[in-house]
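One structure is given below, encoded as structure tokens.
Protein chains: 2
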Amino acid sequence: MKQQAVFKALADPSRRRILKLLRGGSKTAGELAEAFNFSAASLSHHFAILKAAELVRTERRGQFIVYSLNTSVLEDVSSLLLDLFGREEKQ
Amino acid sequence: MKQQAVFKALADPSRRRILKLLRGGSKTAGELAEAFNFSAASLSHHFAILKAAELVRTERRGQFIVYSLNTSVLEDVSSLLLDLFGREEKQ
DNA sequence: TTTTTAATTAGATAAATGTCTAATTATCTA
DNA sequence: TAGATAATTAGACATTTATCTAATTAAAAA
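Just so you know, the protein sequences line up as chains D and H, in that order. Be aware that the first sequence starts at -15, since it is given in the working numbering, and climbs by one per residue. Be aware that the second sequence starts at -15, since it is given in the working numbering, and climbs by one per residue.
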């Protein structure tokens, strides 16, 4: 996991909102776009950042691209946080 | 807790490094500065951001200002993450 | 095959961020 | 009180980031 990519990705409120929207289940780029006033291009930009951080997975379904949460990263991020705040015993 | 402030604060690698340095115990601004090549002013800037996010506490001890980890935020951040990645049942 | 729809990529630009030096504030010491 | 040390704040500047429009890619439909 790319630590910096993950933290950068989470730093933007729009991207966190995208993640929240995906909690309810997979959604196409267009469905996600409905929740925002941005252009599709701007949303794509955010998608790319979330994907680079491996926070979301994508799957093409015909003309649609379906986004879904990569929940396995939750564990990774959790240990990142423990690494930041935990006692120093490890490392 | 200010969610945006916390995520912004964690987005910078230098600030994460500061947090890591503080795991070993409280340190003065000067002691922390030794670990970086930045000017004291730049470090102060980072300290201010970490403080605004309540990730660190400060205490003046004479001419020194001592920084320490505010570990209670770990719990807050954890629930933020659950909020982002968890199932939608809550809210 | 041509046209339409979904989405991304490219390129430009304004706003935010990280760094610097200089000036200021706060405390200690002689 | 005056000078020295620790740290922060102010202001400037370069880099990064988020947004936009326009162009491109990919698949579906006519």
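Beta carbons are placed, not taken as given, at the ideal position from N, Cα and C, and that holds for glycine.
Out of D/Asp(-4), D/Ala19, D/Ala(-5), point me to the one whose CA is closest to D/Leu6's CA. Along the first sequence, read from residue 1 onward, the residue named residue 6 of chain D stands at position 22. Residue D/Ala19 holds the alpha-carbon nearest to the alpha-carbon of D/Leu6 among D/Asp(-4), D/Ala19, D/Ala(-5).
Residue-level contact to chain D via CB, H/Ser23, 8 Å cutoff: Start at 1 with the first residue of the second sequence, and residue 23 of chain H comes out as number 39. H/Ser23 does not count as touching chain D.
Name the chain H residues whose beta carbon is nearer than 7 Å to that of D/Thr55? Here residue 55 of chain D corresponds to residue number 71 of the first sequence, with the count starting at 1. Neighbours of D/Thr55 on chain H, chain order: Phe69.
Please check if any C-beta of chain D sits within less than 8 Å of the C-beta of H/Gln47. Along the second sequence, one-based indexing puts residue 47 of chain H at 63. Taking CB atoms only, H/Gln47 has no neighbour in chain D less than 8 Å away.
Is the stretch 59 to 70 of chain D touching the stretch -13 to -2 of chain D in the sense that three or more CB pairs, one from each, lie closer than 8 Å? Yes, since at least three Cβ pairs between the stretch -13 to -2 of chain D and the stretch 59 to 70 of chain D fall closer than 8 Å, the two stretches touch.
Below 8 Å on the Cβ atoms is my contact criterion, and I expect H/Tyr51 with H/Lys4 to pass it. Report the Cβ-Cβ distance as a whole number of Å. Counted from its first residue, the second sequence places residue 51 of chain H at position 67. Counted from its first residue, the second sequence places residue 4 of chain H at position 20. Contact flag wrong, Cβ pair sits at about 13 Å.
How far does the alpha helix (DSSP H) with D/Leu66 in it extend, from its first residue to its last? Counting from one through the first sequence, the residue named residue 66 of chain D turns up at place 82. D/Leu66 -> alpha helix (DSSP H) spans 56 to 69.
Give every residue of the same chain whose Cβ lies closer than 7 Å to the Cβ of H/Arg(-1), excluding the five residues on either side of it in the sequence, and list them in chain order. What you label residue -1 of chain H is simply residue 15 of the second sequence in a count that begins at 1. Answer for H/Arg(-1): Ala(-7), His30, Ile33, Leu34, listed in chain order.
Compute the distance between the beta-carbons of D/Leu27 and D/Leu39, then report whether it is under 8 Å. Position 43 of the first sequence, counted from the start, is the residue given in the question as residue 27 of chain D. Position 55 of the first sequence, counted from the start, is the residue given in the question as residue 39 of chain D. By the CB criterion at 8 Å, D/Leu27 and D/Leu39 fall outside the cutoff.
Please decide whether H/Asn0 counts as near chain D, where near means a Cβ-Cβ distance under 8 Å. In the second sequence, the residue the question calls residue 0 of chain H occupies position 16. It should be noted that the sequence gives Arg, not Asn, for residue 0 of chain H. Closer than 8 Å to some Cβ of chain D, the Cβ of H/Arg0 qualifies, so yes.
Contact set between D/Lys4 and chain H, taken where Cβ atoms lie within less than 8 Å: Your numbering for residue 4 of chain D matches position 20 in the first sequence. Per Cβ cutoff of 8 Å: Asp67, Leu68.
H/Ser52 - containing beta strand (DSSP E), residue span: For the purposes of this step, residue 52 of chain H is taken as the residue at position 68 of the second sequence. Membership of H/Ser52 in the beta strand (DSSP E) is indicated by the continuous run 48 to 53.
In angstroms, rounded to a whole number, what distance separates the CA positions of D/Pro(-3) and H/Leu65? The residue you call residue -3 of chain D lines up with position 13 of the first sequence. The residue you call residue 65 of chain H lines up with position 81 of the second sequence. Answer to the nearest angstrom: the Cα atoms are 13 Å apart.
Taking 8 Å as the CB-CB cut-off, is D/Ser62 touching chain H? The residue you call residue 62 of chain D lines up with position 78 of the first sequence. Chain H, which has a Cβ nearer than 8 Å to the Cβ of D/Ser62, makes this yes.
What are the boundary residues of the beta strand (DSSP E) that D/Glu38 is part of? Numbered from its first residue, the first sequence carries residue 38 of chain D at position 54. Looking at the DSSP string, D/Glu38 is not in any beta strand (DSSP E), and its letter there is neither H nor E.
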